[in-house]
Amino acid sequence: MEDAIADIATVFHWQPNVFDDMDLSELMQWHEKAHQRAETQT
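Residue numbers (my numbering): 17 to 58.
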């Protein structure tokens, strides 16, 4: 789970406290969005 948070934070420049209220499903949705965005930026 730490890798997913790190990926999201890197892509969207979010602070760690943003993730405190996220459940696993929401975290995985944002991780997929971050992954897609990172692929288009390279």
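Glycine included, each C-beta is placed from N, C-alpha and C at the ideal position. These numbers come from a predicted model, not from an experiment.
_Distance check for Ala20 and Thr26, CA to CA, integer angstroms please._
Start at 1 with the first residue of the sequence shown, and residue 26 comes out as number 10. Start at 1 with the first residue of the sequence shown, and residue 20 comes out as number 4. Thr26 and Ala20: Cα-Cα distance of roughly 10 Å.
Smallest Cα separation from Ile24: which of Asn33, Glu42, His47?
As a position in the sequence shown, residue 24 is number 8, starting the count at 1. The residue from Asn33, Glu42, His47 with its alpha-carbon nearest to that of Ile24 is His47.
| message | Suppose you measure from the CA of Glu55 to the CA of Glu42; what does that come to, to the nearest Å? | response | What you label residue 55 is simply residue 39 of the sequence shown in a count that begins at 1. What you label residue 42 is simply residue 26 of the sequence shown in a count that begins at 1. The alpha-carbon atoms of Glu55 and Glu42 are separated by roughly 20 Å.
### Query
Can you give the Cα-Cα distance for Asp39 and Met17, rounded to whole angstroms?
Sequence index remark: in the sequence shown, residue 39 carries index 23 (1-based). Sequence index remark: in the sequence shown, residue 17 carries index 1 (1-based). About 11 Å.
Item to check | Range covered by the alpha helix (DSSP H) that runs through Gln52 | outcome: Within the sequence shown, the letter at position 36 stands for residue 52. Residues 40 to 57.
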